[in-house]
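To convert, note that position 145 of the sequence shown is 190 in the working numbering; the numbers rise steadily by one, no gaps.
Cβ coordinates follow ideal geometry from the N, Cα and C atoms, glycine included.
Every value quoted in this text rests on a predicted model; they were computed, and no experiment measured them.
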Amino acid sequence: MRTITTKIMWAIMLAVLAGLAPVATHAQAETSPDEYRDGGMATIIPEASVKPDFEGKFTMPYEVWCHGNRLVPGEYKVMVKTVGAEKMVTLQREGSNVVLHSHPVAPTSVSDVGHSAVMLRHGPGPSGHTLEGVYVENLKLVLFLDDSGHTSPFDKIFASMTRLPISAMN
């Protein structure tokens, strides 16, 4: 009887030890990692190869949010570039860049009235502001960036849109 309990104890101890011991693994070797595209990665735009469709500057009067990026008050440079079939909006301030994918509105649905401007929406909440889009006069396009400023019913009812003029850079 004693030998059976001893064997059971040894079996339990070996099972616990085997469960706690590290398992040897090997990293997966990729021969051509450039062939795989990850949609969750940041887009890197080479500065020299893509000429901007539009460049301008504007002054942000207060803190705003856009796609989870906090934009502090101050002077900003805005650039619109066409990369493939997409319009990319880059906001620059003091050496830092925020690159945003946009959803352009068809040129036929944009009125011909008004100069280039950044569109800010009051919301979400009573003290928040969201950078919702950029209107580019010479492209006749509204580039929507973020629509999170009007997600709650109160923001839809009470929110207002502010246009900040963009002065074109030559």
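Pair within 8 Å by beta-carbon distance, residue i and residue j
{"i": "LEU186", "j": "LEU176", "result": "no"}
{"i": "HIS112", "j": "LEU165", "result": "no"}
{"i": "VAL163", "j": "VAL181", "result": "no"}
{"i": "SER212", "j": "HIS167", "result": "no"}
{"i": "SER147", "j": "LYS132", "result": "yes"}
{"i": "PRO97", "j": "MET124", "result": "yes"}
{"i": "SER160", "j": "PRO210", "result": "It is worth fixing the name first, because residue 160 is His in this sequence and not Ser. Closer than 8 Å, so yes."}
Host alpha helix (DSSP H) of residue i (start-end)
{"i": "ALA66", "result": "Per DSSP, ALA66 belongs to no alpha helix (DSSP H) and is neither H nor E."}
Neighbourhood of residue i by C-beta distance below 8 Å, restricted to the same chain and skipping five residues each side
{"i": "ASN26", "result": "Nothing can be reported for residue 26, as the shown portion of the chain is limited to 46 through 215."}
{"i": "GLU108", "result": "ARG115, LEU116, VAL117, PRO118, HIS174"}
{"i": "MET214", "result": "GLU100, GLY101, LYS102, LYS122"}
{"i": "VAL61", "result": "none"}
Residue range of the beta strand (DSSP E) that includes residue i
{"i": "ALA162", "result": "162-167"}
{"i": "LYS132", "result": "131-138"}
{"i": "LYS210", "result": "Per the sequence shown, the amino acid found at residue 210 is Pro instead of Lys. Taken as a continuous stretch (DSSP letters only), the beta strand (DSSP E) holding PRO210 covers 206-210."}
{"i": "VAL123", "result": "119-128"}
{"i": "ASN183", "result": "Premise fails: ASN183 is in no beta strand (DSSP E) and is neither H nor E."}
{"i": "LEU190", "result": "Element bounds for LEU190: n/a, residue is neither H nor E."}
{"i": "SER141", "result": "141-146"}
{"i": "MET105", "result": "99-105"}
{"i": "VAL109", "result": "109-111"}
Contacting residues, own chain, Cβ-Cβ under 6 Å from residue i (five flanking each side not counted)
{"i": "ILE49", "result": "none"}
{"i": "TRP110", "result": "THR175"}
{"i": "THR104", "result": "GLU120"}
{"i": "THR207", "result": "LEU165"}
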